[in-house]
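Trainee: Got a structure for you, questions after.
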Amino acid sequence: MESLLVLMAFCAPMEENSYTRARRITRVRLSVLELKLEREFLMAASGTPDSPEWMRARIAQLETELESAKAARDMAVSEQQVLQTAHLAEQGARREAMTQKSAAEATLSRNKVEQDRLHSDLEQALAQKSALFNDVNDLRGQLAAAEEKLRLANSSLDQSSHRSERIKTLELESEAAQDQIHKLQLKLRLHDTNSDPNKPDDTGGKIKELKSKVKQLKFDLARTHEQLGSTQKSLESMERKYSSSRRKYENTKAKLGTYKARLENEQTLLIKLKDTLTPAAYQSLGATHETLGAFLSAIGLPSVDEQENAGAKEESD
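This is the structure we're talking about:
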């Protein structure tokens, strides 16, 4: 009977903790002792010898068994108190473990949010860097075109200066030729007054030659003036283009400086983000996750991955 009751106590549901199981075993032991004493009392009362010696021996035996039962009871009570203390300590440790688990999960969640934010900032910075590179290349092309226009304008200015010098030279030559004609005409008049009419003279031929030369110079001068007018118009147009190109050049140069500054800032930010998202940071997050899993496994709780898998399974069911 005693063995059967103890076996029943040990066959209690496995969901019970050690404290509840110990209390059940203690109650079973006390019940066994009570049944044993009751059985022996009944056996003694039904047809046993009633001599004083036997009674005294029986009383001594019962007292001994009673003391043993009391000792067993005291031991069971002591074990119960120890188990209760252990149970309270286990509950405190479990609460502490749950608190640490919640704190670790919150830290892991914050790290994940921060990591996602840094990834987003990094992708945005890379996109801005690519856009800035494209803008810088476009501005460099515009700057090269403006410099080419400036070069053409400077070349036109040089040509205009050369033609102006040519006009001045022709004007000086024309004035010199007219002076020579005037001098020859004076000589001719003086010669007609003082010379012999029968003496041949070639002064008229020289005058004709000089007049022809002056005519050619005037023609060249008129043509050069026309070229100068055309060149002047071209020059004015080139000056307008030059002014426009100069303004574009200055604006492009200013934009290029601004974009270079922005590009340097973006590169600095990109370097900072890359330094932040180092492999050590990923390893640190992994180590934190592994430490949390090992801690939960040590206290008998499922890890975060197992909880997520279980939650996903329940949702799918």
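So for the sequence shown, our numbering puts the first residue at 100; every next one is plus one. For glycine and all other residues, C-beta sits at the position ideal for the given N, C-alpha and C. Since the model is a prediction, treat every value here as computed from it, not as a measurement.
1) From Glu164, Ser229, Leu217, Lys248, pick the residue whose C-alpha is nearest to that of Glu363; which is it?
2) Ser150 by DSSP, collapsed to three states: which one?
3) Using 10 angstroms around the beta-carbon of Ala245, count the other beta-carbons present and answer buried if the total reaches 16, otherwise exposed.
4) Would you mind listing the beta strand (DSSP E) stretches within the region 182-222 that are 3+ residues and don't spill past its ends, in chain order?
5) What number of angstroms, rounded off, separates the C-alpha of Leu251 from the C-alpha of Leu221?
6) Going by the CB atoms, is the gap between Tyr358 and Asp234 shorter than 7 angstroms?
7) Pick helix, strand or coil for Ile266, following the three-state DSSP scheme.
8) Restricting to Cα atoms, I'd like to know which of Leu231, Ser336, Ser167, Pro151 is closest to Leu129.
9) I'd like to know whether the C-beta atoms of Leu368 and Ala226 end up nearer to each other than 7 angstroms.
10) How many Å lie between Leu182 and His218 at the Cα?
11) Taking the alpha-carbon positions, what's the Arg155 to Arg193 distance?
12) Measure how close the beta-carbons of Gln241 and Thr351 come, nearest whole angstrom, since I'm counting them as under 8 angstroms.
13) Please state whether the Cβ-Cβ distance between Leu355 and Leu238 is less than 7 angstroms.
14) Counting only beta-carbon separations shorter than 7 angstroms, does Glu246 have a partner in chain B?
15) Run the CB neighbour count on Glu274, radius 10 Å, all protein chains shown included, and call it buried at 16 or more, exposed below.
16) Whole angstroms are fine: how far does the CA of Gly191 sit from the CA of Lys211?
17) Using 10 angstroms around the beta-carbon of Glu325, count the other beta-carbons present and answer buried if the total reaches 16, otherwise exposed.
18) For Arg321, which option in Asp278, Ala360, Ala171, Lys267 has the closest C-alpha, if you only look at C-alpha atoms?
Mentor: In this structure, then:
1) Ser229
2) In this structure, Ser150 counts as coil in the three-state DSSP scheme.
3) Classification of Ala245: buried, given that the 10 Å Cβ count is 16 or more.
4) Qualifying beta strand (DSSP E) stretches: none in this window.
5) Each residue's alpha carbon lies about 45 angstroms from the other.
6) yes
7) Looking at Ile266 - three-state DSSP - the assignment turns out to be helix.
8) Ser167
9) no
10) 52 angstroms
11) 55 angstroms
12) With a Cβ gap of about 5 angstroms, Gln241 and Thr351 count as contacting.
13) yes
14) The question asks about chain B, but that chain is absent: this structure has only one protein chain.
15) With fewer than 16 other Cβ atoms within 10 Å, it is exposed.
16) 30 angstroms
17) exposed
18) Inspection of the sequence shows that residue 321 is occupied by Ala rather than by Arg. With distances taken between Cα atoms, Ala321 lies closest to Lys267.
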